[in-house]
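Under the numbering used here, the first residue of the sequence shown is numbered 32, with each subsequent residue one higher.
Even glycine gets a Cβ: it sits at the ideal position worked out from N, Cα and C.
Structure record follows, encoded as structure tokens.
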Amino acid sequence: MQFWREMVKTIIIFFLISVFYYSTNAQEQNDFFKTIVIDAGHGGKDPGAVGKIVMEKDVVLGIALKLGQYINENLPGINVIYTRKKDVFVPLDERAQIANSSKADLFISIHANSISNPNISGTETFVLGLHRSQDNLEVAKKENSVIVLEDDYTTKYEGFDPNVSESYIIFELMQNVYLDQSIKLASLVEDQFNTRAGRRSRGVKQAGFLVLRETAMPSVLVEAGFLTNNKEEAYIATDEGQAIIASAIYRAIKEYKKSFELKSNIVISNNEPSPISFRIQIASSKRKLKDDSKLFFGFQDVWMYNEADYFKYTIEYSKSFNDLKPVLLKIKEKIPDAFIVAFENDKRIPIDKALKLINP
Ligand SMILES: [Zn+2]
């Protein structure tokens with residue numbers, strides 16, 4: 032009897048501690064993920080792609096407003112900001128400024144595609160980077176060319192000529208702190224299109240979109256389908272088609288948010304010496320960054336490791352996950368997407384595995 036009483040007491044205490052940790056962390060997470068900017072491409076004097084029955088500016092606005100509505104109804108803690116809610120012209124840099132000044136945690140730009148071959152159909156979601164194919168470059172050129180409708184665009188975009196391929200070389204040298212997270216969201220969006228929305232996914236792609244270059248948060252550009260394909264245009268033109276597209280993007284955001292929370296939700300204390308260490312990842316790049324990269328200013332212990340095809344950059348170092356958590360909070364003021372990574376003898380391992388190894 033004595034034994035069971037003790038046992039039950041232990042279980043209750045354990046439960047209360049878990050609830051306590053969970054609720055304090057839940058509060059913390061909400062501070063990390065609270066604002067989403069939804070960017071309906073084009074508008075006003077800029078129609079975007081023009082199909083036989085609809086214009087890009089109208090269908091993407093429909094999708095954007097529905098997406099915002101789903102988020103407002105189902106994710107009440109999230110603040111939705113639109114770059115436009117009606118048929119008006121908004122310059123590209125202004126769209127990014129809206130996201131930056133509201134300190135958004137996510138930027139989603141919604142577009143529809145066009146191409147000379149009317150048989151081509153399907154969705155694609157882009158993250159910022161250098162195009163790997165001519166097709167991807169063409170999409171970026173088309174979307175970027177809207178800047179010529181803006182006043183003094185050569186000054187604003189520092190001489191960038193959206194129609195000249197050579198201009199795009201700068202995207203090769205640019206590294207993006209938010210690439211990992213952007214790719215993750217883009218994959219979730221395409222996954223949803225493919226599996227749940229019954230669309231043909233053309234996959235996650237990379238290209239040099241000006242609007243994504245200017246944003247300081249994980250950002251994706253969704254091409255929701257081709258207006259040059261009759262069947263796809265007819266689908267996107269309907270309220271129902273737009274609703275299915277919007278709900279697919281909504282589910283991807285929900286998934287993204289969930290995984291983001293799990294990542295910052297592990298609590299454990301242990302300072303035992305071990306081959307396990309923790310660092311804070313601040314950047315990920317296809318290209319090796321220069322040692323004097325602006326990104327590293329003011330940080331100490333910058334350490335790089337390779338994973339897949341990427342050079343990944345970390346700062347700080349600790350044997351204790353808990354000791355690094357307050358440091359991460361500070362770093363997040365400068366780099367909101369920084370996160371903790373674990374290593375076993377300098378080889379990256381999942382955080383939960385690391386925590387189990389130091390506290391079996
Ligand atoms: Zn567009």
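{"query": "Nearest candidate by alpha-carbon position, reference E264, set R230, Y336, I311, A283", "result": "R230"}
{"query": "Unbroken stretches of the alpha helix (DSSP H), 4 residues or longer, contained in the region 230-316", "result": "241-244, 261-268, 270-294"}
{"query": "Alpha-carbon to alpha-carbon, R163 and K262", "result": "28 Å"}
{"query": "Top-ranked residue by Cα proximity to I422, from K321, V333, P149", "result": "With the chain represented from 32 up to 391, any question about residue 422 goes unanswered, as that position is not in the structure."}
{"query": "heavy atom of ligand 1 below 8 Å from K76 C-beta", "result": "no"}
{"query": "Segments of 3+ residues assigned as beta strand (DSSP E) that fall wholly inside the region 53-122", "result": "66-71, 110-113"}
{"query": "Helix, strand or coil at R379 according to DSSP, with G and I counted as helix", "result": "strand"}
{"query": "Endpoints, beta strand (DSSP E) assigned at V170", "result": "That residue, V170, is in no beta strand (DSSP E); its alpha helix (DSSP H) goes 165-175."}
{"query": "Sub-9 Å separation of S198 and N207 beta-carbons", "result": "no"}
{"query": "Cβ-based neighbour list, I297, same chain, cut-off 8 Å, excluding 5 preceding and 5 following", "result": "Interpretation of I297 is limited by its pLDDT of 41, a score under 50 that renders its predicted location unreliable; no figure is taken from the coordinates."}
{"query": "Anticipated Cβ contact below 8 Å, F202 with L137, distance rounded", "result": "No, F202 and L137 are not in contact; Cβ-Cβ is about 21 Å, not under 8 Å."}
{"query": "Reference K321; option with closest CA among K83, I311, K343", "result": "K343"}
{"query": "N- and C-terminal bounds of the beta strand (DSSP E) containing S140", "result": "137-144"}
{"query": "Backbone secondary structure at A373 - three-state DSSP", "result": "strand"}
{"query": "Start-to-end residues for the beta strand (DSSP E) that takes in K343", "result": "341-349"}
{"query": "Cutoff 6 Å; reference S315; Cβ partners in own chain excluding five residues on either side", "result": "L210, D211, Y341, K343"}
{"query": "Selected residue, minimal CA-CA separation from N148, among N260, P78, D182, T114", "result": "N260"}
{"query": "In DSSP terms, what T156 is bridged to", "result": "V235, V253"}
{"query": "First and last residue of the uninterrupted alpha helix (DSSP H) at N353", "result": "352-365"}
{"query": "Residue range of the unbroken alpha helix (DSSP H) whose run includes N225", "result": "210-226"}
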